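Visitor:
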Amino acid sequence: QVTLKESGPGILQPSQTLSLTCSFSGFSLSTSGICVSWIRQPSGKGLEWLATICWEDSKGYNPSLKNRLTISKDTSNNQAFLKITSVDTADTAIYYCARRYSYYGYFDYWGQGVMVTVSS
Amino acid sequence: DIVLTQSPALAVSLGQRATISCKTNQNVDYYGNSYMHWYQQKPGQQPKLLIYLASNLASGIPARFSGRGSGTDFTLTIDPVEADDTATYYCQQSRNLPTFGAGTKLELK
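Chains as they are written, first to last, in this note's numbering: chain A, 1 to 120; chain C, 121 to 229.
#1: Tell me, please, whether the CB atom of Trp38(A) is closer than 8 angstroms to any CB atom in chain C?
#2: Of all the CB atoms in chain C, is at least one closer than 8 angstroms to the CB of Asn78(A)?
#3: Applying the 10 Å Cβ sphere with the 16-neighbour rule, what's the burial state of Val118(A)?
#4: Using only the alpha-carbon positions, how far apart do Gly33(A) and Ser102(A) sit?
#5: Would Pro167(C) pass as an interface residue toward chain A - the criterion being a Cβ-Cβ separation below 8 angstroms?
#6: Using the Cβ count rule (16 or more neighbours within 10 Å means buried), how would you classify Ser214(C)?
#7: Does Arg137(C) come out as helix, strand or coil in the three-state DSSP assignment?
#8: Out of Ala138(C), Tyr210(C), Gln126(C), Leu124(C), state which residue places its alpha-carbon closest to the alpha-carbon of Pro200(C).
#9: Exposed or buried, which one is Thr144(C) when buried takes at least 16 other CB atoms within 10 Å?
#10: Within the chosen definition, does the region 5-19 of chain A reach the region 44-61 of chain A through at least 3 CB pairs nearer than 8 angstroms?
#11: Could you give the distance in angstroms between the alpha-carbon of Gly26(A) and the alpha-carbon of Pro218(C)?
#12: Are there 16 or more other CB atoms within 10 angstroms of the CB of Pro129(C), so buried, or fewer, so exposed?
#13: In chain order, what residues of the same chain have a beta carbon less than 6 angstroms from the beta carbon of Cys142(C), not counting five sequence neighbours either side?
#14: How would you label Thr85(A), buried or exposed, when you count the other beta carbons within 10 angstroms and need 16 or more for buried?
#15: What residues of chain C sit near Asn62(A), judged by a beta carbon separation below 8 angstroms?
#16: Might you give, ordered along the chain, the residues of its own chain that have their beta carbon closer than 6 angstroms to the beta carbon of Trp110(A), omitting 5 neighbours on each side?
#17: Pull up the CB-CB distance for Ile171(C) and Gly191(C), whole angstroms please, since I reckon it's below 8 angstroms.
#18: Between Trp49(A) and chain C, is there a C-beta pair that is closer than 8 angstroms?
#19: In its own chain, which residues sit with a C-beta less than 6 angstroms from the C-beta of Gln146(C), not counting the 5 before and 5 after it?
#20: Can you name, in chain order, every residue of its own chain whose Cβ lies under 7 angstroms from the Cβ of Ala178(C), other than the five neighbours on each side?
#21: If you follow the beta strand (DSSP E) that Lys66(A) is part of, which residue opens it and which one closes it?
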């Protein structure tokens, strides 16, 4: 059974760094073809892909946020991480992690999401 | 970026057919596959994969859902529509860096 669960700070102030953790089970990030991605959704709006990390440690970033994003993984502990620097109110959203099947690029399992609010 | 365009909303009657469209500004076909996928999102829930590679039903998804299309034009069909299908439906391409459509909200008449 594949599950993913996001965790984060809940609230943070503008200019701070957002650190998110995705803890997963039922698969391994060392398996060929497996990736984990981060996707966010502001309240009442659509989905925005942020970043992906794959089994062989390749990484991809949304060009519109690339300079602010860092994705990483801890394969031994079945976790993936995302850092976003210099947050502002526009980064307020639900953040999801999702398993991505690398070769075809669809997101087949999603976490429940974690709400992050940026406010002074 | 590959831009995906969806109609904002669609209203259908119970038991009827719903057809949701997604058009892209670039071809998303590659070596015989169409890199287009569909998701359902209900309020307060995470998205759920319905269709992958344009026409393949994801695990556990009822056969009322189907997808078709190629190149730049794709459709998701729900037939017949049930009350539980009220949700927002998103298309997503993976030919290049992933992008999503803005979503189509399916409502019942």
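Ideal Cβ positions, reconstructed from N, Cα and C, are used throughout, including at glycine. Predicted, not measured: the structure shown is a model, and the values here were computed from it.
Guide: Taking the structure as given:
#1: In the first sequence, residue 38(A) corresponds to position 38, counting from 1. So no, Trp38(A) is outside the interface.
#2: As a first step, residue 78(A) is located in the first sequence; it is residue number 78 there, counting from the start. Cβ-Cβ to chain C under 8 angstroms: no for Asn78(A).
#3: What you label residue 118(A) is simply residue 118 of the first sequence in a count that begins at 1. By the neighbour-count rule (16 or more Cβ atoms within 10 Å), Val118(A) is buried.
#4: The residue given as residue 33(A) occupies position 33 in the first sequence. The residue given as residue 102(A) occupies position 102 in the first sequence. Answer to the nearest angstrom: the Cα atoms are 5 angstroms apart.
#5: If you number the second sequence from 1, residue 167(C) lands on position 47. Taking Cβ atoms only, chain A reaches closer than 8 angstroms to Pro167(C), which makes this a yes.
#6: Taking the second sequence and counting its residues from 1, the one referred to as residue 214(C) is at position 94. Classification for Ser214(C): buried.
#7: Position 17 of the second sequence, counted from the first residue, corresponds to residue 137(C). Arg137(C): coil per DSSP, three-state reduction.
#8: Here residue 200(C) refers to the residue found at position 80 when the second sequence is read from its first residue. Comparing Cα-Cα distances from Pro200(C) to each of Ala138(C), Tyr210(C), Gln126(C), Leu124(C), the minimum goes to Ala138(C).
#9: The residue given as residue 144(C) occupies position 24 in the second sequence. Under this definition Thr144(C) is a buried residue.
#10: No, they do not touch.
#11: Reading the first sequence from its first residue, position 26 is the one you call residue 26(A). Reading the second sequence from its first residue, position 98 is the one you call residue 218(C). So the alpha carbons of these two residues sit roughly 24 angstroms apart.
#12: Looking up residue 129(C) in the second sequence gives position 9. It is Ala, not Pro, that sits at residue 129(C) in the sequence shown. Classification of Ala129(C): exposed, given that the 10 Å Cβ count is below 16.
#13: Residue mapping note: residue 142(C) aligns to position 22 of the second sequence, counting from 1. Around Cys142(C): Leu124, Gln126, Phe194, Cys211, Gly221.
#14: Within the first sequence, the letter at position 85 stands for residue 85(A). Exposed.
#15: Along the first sequence, one-based indexing puts residue 62(A) at 62. Per Cβ cutoff of 8 angstroms: Leu217.
#16: Taking the first sequence and counting its residues from 1, one reaches residue 110(A) at position 110. Excluding residues within five positions, the ones whose Cβ falls inside 6 angstroms are Tyr96, Ala98.
#17: Against the second sequence, residue 171(C) aligns to sequence position 51. Against the second sequence, residue 191(C) aligns to sequence position 71. Contact annotation, Ile171(C) with Gly191(C): C-beta distance approximately 16 angstroms; criterion of less than 8 angstroms not satisfied.
#18: Along the first sequence, read from residue 1 onward, the residue named residue 49(A) stands at position 49. Yes - at least one Cβ of chain C is within 8 angstroms of the one on Trp49(A).
#19: As a position in the second sequence, residue 146(C) is number 26, starting the count at 1. The beta carbon of Gln146(C) is closer than 6 angstroms to those of Ile122 in its chain, skipping five residues each way along the sequence.
#20: Here residue 178(C) is taken as the residue at index 58 of the second sequence, counted from 1. Excluding sequence neighbours, Ala178(C) sits near Leu169, Leu170, Ile171, Tyr172.
#21: Looking up residue 66(A) in the first sequence gives position 66. Counted as a single uninterrupted DSSP element, the stretch harbouring Lys66(A) is not any beta strand (DSSP E), since DSSP gives it neither H nor E.
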